[in-house]
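Step one of this worksheet: look at the structure below.
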Amino acid sequence: MLTDGTRTIGEGFHRAHGEPHAEVEALRDARARGADPAGATLYVTLEPCNHAGATGPCAAAVIDAAVARVVVGTRDPNPVAAGGVERLRTASVAVTIADDAWCRALVEDFSVFVCSARPYVRLKLAASIDGYIAPAPGRRYWLTGDESRAYVRELRATHDAVLVGAGTVRVDDPQLTVRPPRGRRRPYVRVVACEQAAVGTDRAIFSSVDGYAPTIVLAPAGLRAQFAPLEAIAEVAYVGDDAAIALDLRMALETLRSRGIVSVLCEGGPTLAARLIAADLVDRFDWLVAPVVLHGPGAVLALAGADGKTTPLRFDRVEQLGPDVLLSAGRASEGACSAD
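Okay, so the sequence shown: first residue is 7 according to the numbering used here, each after it adds one.
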């Protein structure tokens, strides 16, 4: 946003990869309104970039427009694009870095993507107040209310891919779609992580849906014969070497990143969730707590056998969703580059 101190003279946002960044859009908008950006103050979420990638360096465009001051919400985590603040200051543009938590949250997924070899991973879990997901194994059970389910559908719309384990596909048979449907420049992706056995070809996750790419099945490369029947209806990504009979989750996520997937929403189940946590592969946790108690001899724990190193977290959102409570926490470390 550009302001002359009394009014907004230009606004803009980055619409898609390869198109002008927010700074350039705001400058163009100001000129289209008949306003001169010279001497104005520019407010941006992310540090103006300092490299020529799909577009030119925004820092140079800001300098050329003679903008007097830039207020930056957060520094750019991408080392290739960083340096805009220093370039602006060298050109005598006043710069204020707000280091704003809201701005950092807006680029949380991008930060992990550019700083690591895997996509950003957000884990959603729904559990009873005593930490269970169902009263008995192998049984589909609606735990949370309508408001929580609507929230999860919103999460799906903001991530490139939705990931579940094979057990969830067998028990719940989810479609994992965004409802109501929404337009998107890149197709949504549904992903199934399989440990040692394939899932049935008749599962809803393999159904053809407008706006969705073929479902990706992550499978150990040493079990190609078992997963070959799925190749006709899904994209089977074989992970590891030809001797691999267990799924390496880190390598599986790296496989998704190689396909251009920036962010992944994992919706469980308990075994996959626990393995992701144990491998320190989760960047944000969304824990939905339902006001029920499920403890019993056959109750299924929300995290099946979780272990591994401790991941320091910081709660930054607590909200009531109908009868349920949402607890959201991200990594406590400030730099996303430390995630891996």
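In this text, a Cβ means the ideal position worked out from N, Cα and C, and glycines have one as well.
Alpha carbon of residue i to alpha carbon of residue j, nearest angstrom
i	j	result
Asp346	Lys130	Note that Asp346 scores 46 on pLDDT, short of 50, meaning its location in the model is unreliable; the coordinates nonetheless yield the value given after this. Cα to Cα, the separation comes out at about 20 Å.
Leu307	Thr174	14 Å
Leu52	Gly18	13 Å
Thr261	Leu169	13 Å
Ala342	Ala66	Unreliable placement is indicated for Ala342, whose pLDDT of 43 sits below 50; no coordinate value is reported for it.
Thr142	Gly302	Per the sequence shown, the amino acid found at residue 142 is Ala instead of Thr. Taking the straight line from one Cα to the other gives about 8 Å.
Ala203	Leu294	29 Å
Ala74	Val268	34 Å
Ala123	Gly11	43 Å
Arg192	Ala38	30 Å
Thr350	Ser334	The question about residue 350 has no answer, for the chain in this structure spans 7 to 346.
Val86	Val298	49 Å
Ser344	Gly40	In this prediction, Ser344 scores a pLDDT of 47, lower than 50, which makes its location untrustworthy; no coordinate-derived value is stated.
Asp322	Arg13	32 Å
Arg189	Thr183	It is Gly, not Arg, that sits at residue 189 in the sequence shown. Distance between the alpha carbons of Gly189 and Thr183 is about 12 Å.
Val50	Ala280	38 Å
Ala410	Gly336	With the chain covering only 7 through 346, there is no way to say anything about residue 410.
Arg81	Asp105	7 Å
Thr277	Leu309	6 Å
Arg155	Val331	12 Å
Whole-angstrom C-beta distance between residue j and residue i, which should lie under 8 Å
i	j	result
Arg185	Arg209	Not quite, the Cβ-Cβ distance comes to about 18 Å (not below 8 Å), so this is no contact.
Cys272	Arg128	7 Å
Tyr244	Arg230	6 Å
Gly274	Ala250	With a Cβ gap of about 23 Å, Gly274 and Ala250 do not count as contacting.
Ala172	Val205	5 Å
Leu8	Ala46	5 Å
Asp254	Gly246	5 Å
Beta-ladder partner(s) of residue i, from DSSP
i	result
Arg337	Leu319
Ser269	Tyr126
Ile2	For the chain, the structure presents residues 7 to 346; residue 2 sits outside this window and is missing.
Pro226	Val245
Val324	Leu333
Tyr157	In the DSSP output, where bridge partners are listed per residue, Tyr157 has none listed.
Tyr218	Tyr194
Nearest to residue i (by Cα), restricted to the options the options
i	options	result
Ser351	Ala234, Arg192, Ala240 and Ala203	Given a span of 7 to 346 for the chain in the structure shown, any question on residue 351 remains unanswerable.
Ile15	Leu33, Leu332, Ile135 and Phe116	Leu33
Asp179	Arg196, His165 and Arg191	Arg196
Val288	Leu319, Asp136, Ala310 and Val205	Leu319
Gln326	Pro63, Ala22, Tyr157 and Gly90	Tyr157
Pro63	Pro43, Ala36 and Val91	Val91
Val120	Val331, Met257 and Ala88	Ala88
Arg263	Ala28, Phe116 and Ala107	Phe116
Thr102	Val78, Thr317 and Val223	Val78
Ser98	Trp108, Asp82, Ala72 and Cys109	Ala72
Pro125	Ala238, His20, Ala167 and Leu332	Ala167
Asn84	Met257, His57, Ile211 and Asp330	His57
Ala28	Ala44, Thr61 and Asp42	Thr61
Ala296	Ala107, Cys109, Ile139 and Leu112	Ile139
Ala225	Glu25, Asp216 and Val198	Val198
Ala258	Gln232, Cys200 and Ala305	Cys200
Pro43	Glu25, Pro26, Asp70 and Ala338	Asp70
Residue span of the beta strand (DSSP E) that contains residue i, given as start and end
i	result
Trp293	Arg290 to Ala296
Arg110	Arg110 -> not in any beta strand (DSSP E); alpha helix (DSSP H) instead, spanning Ala107 to Leu112.
Ala140	Tyr138 to Ala140
Leu52	Thr47 to Leu52
Ala199	Val195 to Ala199
Thr12	Looking at the DSSP string, Thr12 is not in any beta strand (DSSP E), and its letter there is neither H nor E.
Residue i: CB within 7 Å of a non-hydrogen atom of the ligand PLP
i	result
Ala41	The model on display carries no ligand, and the ligand PLP is accordingly not part of it.
Terminal residues of the alpha helix (DSSP H) in which residue i lies
i	result
Ala36	Ala28 to Ala38
Ile283	Pro276 to Ala284
Ala167	First-last for Ala167: Ala167 to Gly171, but that is the beta strand (DSSP E), not the alpha helix (DSSP H).
Met257	Leu255 to Ser264
Glu92	Gly90 to Thr96
C-beta neighbour in chain D for residue i, strict 8 Å
i	result
Val324	Annotation note: the requested chain D is absent from the structure, which comprises a single protein chain.
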